[in-house]
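Okay, structure first, notes after.
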Amino acid sequence: MKTKYLQINPADNVAVAIVNLLAGEQMSINGTDVTLNEDIPAGHKFALKDFAEGEDIIKYGYPIGHATMARKKGDLMNENNIKTNLAGLLDYTYSPTSVSLNIPRKDMTFKGYRRKNGEVGIRNEIWIIPTVGCVNGIAQQLAESLRSETEGKGVDAIVAFPHNYGCSQLGDDHENTKKILRDMVLHPNAGAVLVVGLGCENNQPDVFREFLGDYDQDRVSFMVTQKVGDEYEEGMKILNDLYAKASQDVRTDVPLSELRVGLKCGGSDGFSGITANPLLGVFSDFLIAQGGTSVLTEVPEMFGAETILMNRCKNEELFDQTVHLINDFKEYFLSHGEPVGENPSPGNKAGGISTLEEKALGCTQKCGKSYVSGVLSYGERLKVKGLSLLSAPGNDLVAATALASCGCHIVLFTTGRGTPFGTFVPTMKISTNTTLATNKPGWIDFNAGVIVEGESMEKTCEQFIDYIIRIANGEQVNNEKKGYREIAIFKTGVTL
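Structure representation (structure tokens):
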């Protein structure tokens, strides 16, 4: 362990405990002598100066809120004495930032599946997708039977994706369901798809088929259960035909420029903005320099750091779209009578995160320093390479599903508290601290906690790149090994 505490930015007036620190400990930080007045848990902040009530707390070089009471140098600074500075809708001015990363282009490849339309998948799976929740049981039964018959051989997985929607929905909710299910059907990680409908639902199978647009009719089949005699017999007949085709697919060398990753965090702690999130940022910049794609979402967790992203937009049109992205979500909060700054969960707070600004300044580090090249609405598919921002809430499963739906092959998920879930693409968990990685090896796939234990960011990123390529080549992450695979669709309106 090189240090027991860290001042992240020279402008910061708080420091972060890397290990549990005890009251009475003395230290010198950039010429400032500090004696701790109380115990400071690992990941939490302590004051480097005396604070007056209302004075801004600076971390990452930016305000993360203000002191709600006078505090002394050496005091614990947390949600009990810090309050957000966030308010409602804001006017923004485009002040473009120059980006020059100078990352060399390397001739790197992975072994993926090239689809008929030219897209690439990193998995070759058979998916059973219900148009409506009424047929969830049928979809799951069919998946179980095909797995049993084939013993899971020949394809990477056979999975049903139940959900609660597809009927009794109006307006945006109905459209959101259609978009997410469409995106799943068209996703290149699926070698074949059986869409299972009921027949009387709002999400009518024939209308949904047209909604797909161009699709590979050899690999996507439909079954409307009200229109067949024995839905199990008919479904298995269709699936066996799809399996015979998908099982012949083989991996081929694909340039790394074809890889698309989603960037997500959850159960964050005080180390998230020091280890795992910056690691993803370095990787994201590297991938984009190779011609690849990364996507950042969780719009409410951009509040407080949004101007950093806005000023990295390549042009004013993208800036305007990002302003719309942010203010739309703020209006969503305000329309429900909720404050825009009420986000950090109990787990976040226990880990050392006190305000939404603090979470946002750590969260946005996942996308590195590259230009913003695209802005996507919820359910929209990727259009450009480089870094895109995607509209979706912070909820882990809803946001991860949205990232996969826009076309990401894999979701990179940083966490300081741990979580086992996965969405319909590989969902890799990157721990912010070694304790979590040690205690939960069945959840955590990669440990970024070594960065505060003396390992360099450069070496850690090299190891991370190697690991990502192994996953793209077919090695499974923990959620795949355990079969933890789910979807969640964003709902904002009434249910009939």
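Numbering-wise, the working numbering comes out as the position in the sequence shown, counting from 1, plus 624.
All residues carry an ideal CB built from backbone N, CA and C; glycine is no exception.
On a predicted model such as this, the values are computed, not experimentally measured, just so you know.
Contact check, residue i vs residue j, beta carbons under 8 angstroms
i     : j     : result
A756  : C791  : In the sequence as presented, Ala is not what sits at residue 756; that position holds Val. Closer than 8 angstroms, so yes.
R1041 : G891  : yes
V1049 : I1068 : no
A671  : E679  : no
L958  : G1117 : no
A929  : A984  : yes
L725  : K993  : yes
N813  : I912  : no
N704  : G689  : no
I681  : I653  : no
V999  : Q1087 : no
L645  : L630  : no
L1014 : V885  : no
I862  : L818  : yes
R843  : K735  : no
Three-state secondary structure (DSSP) of residue i
i     : result
M847  : strand
E749  : strand
D865  : helix
P644  : A quick correction: the sequence has Asn, not Pro, at residue 644. The answer is coil: DSSP assigns N644 none of H, G, I, E or B.
S724  : coil
L700  : strand
P786  : coil
C1085 : helix
K1121 : The requested residue 1121 is not part of the displayed model; the chain covers only 625 to 1120.
F953  : helix
I1111 : coil
I1093 : helix
A666  : coil
V638  : strand
R739  : coil
V852  : coil
F1048 : coil
F927  : coil
E858  : helix
E1077 : helix
D715  : coil
T1043 : coil
Q945  : helix
D873  : coil
N633  : coil
G1098 : coil
Unbroken alpha helix (DSSP H) run spanning residue i, endpoints
i     : result
K1106 : N1102 to K1106
E962  : Counting along the chain, E962 falls outside any alpha helix (DSSP H), and DSSP gives it neither H nor E.
T931  : E930 to M934
N901  : A900 to A913
R771  : N760 to T774
D838  : Segment: none, D838 is in no alpha helix (DSSP H) and carries neither H nor E.
First through last residue of the beta strand (DSSP E) which encompasses residue i
i    : result
C889 : R884 to C889
G821 : A814 to G821
Q650 : Q650 to I653
R806 : Taken as a continuous stretch (DSSP letters only), R806 belongs to no beta strand (DSSP E), being part of the alpha helix (DSSP H) at G795 to V809.
T627 : T627 -> no beta strand (DSSP E), and no H or E assigned at all.
F895 : From DSSP, F895 is part of no beta strand (DSSP E); its letter is neither H nor E.
S917 : The displayed chain sequence assigns Thr, not Ser, to residue 917. Taken as a continuous stretch (DSSP letters only), the beta strand (DSSP E) holding T917 covers T917 to L920.
V658 : T656 to T659
F670 : K669 to A671
Strand pairing of residue i, partner residues [DSSP]
i     : result
T1038 : C889 and I1054
V878  : F734
P593  : Outside the modelled stretch of the chain, which goes from 625 to 1120, sits residue 593, for which no answer is possible.
N1071 : S1055
K1123 : Past the boundaries of the shown model lies residue 1123; the chain is included only from 625 to 1120, so the question cannot be answered.
P754  : V820
A781  : E749
C937  : V996
T1119 : Q793
V744  : R738
F675  : R695
The ligand MG heavy atom lying under 7 angstroms from the CB of residue i
i    : result
D796 : The ligand MG is absent from the structure shown, which contains no ligands of any kind.
Entirely within the stretch 962–1036 and at least 4 residues each: give me those alpha helix (DSSP H) ranges in chain order. Taken in chain order, the whole alpha helix (DSSP H) runs of length 4 or more contained in the stretch 962–1036 are 970–975, 980–987 and 1020–1029.
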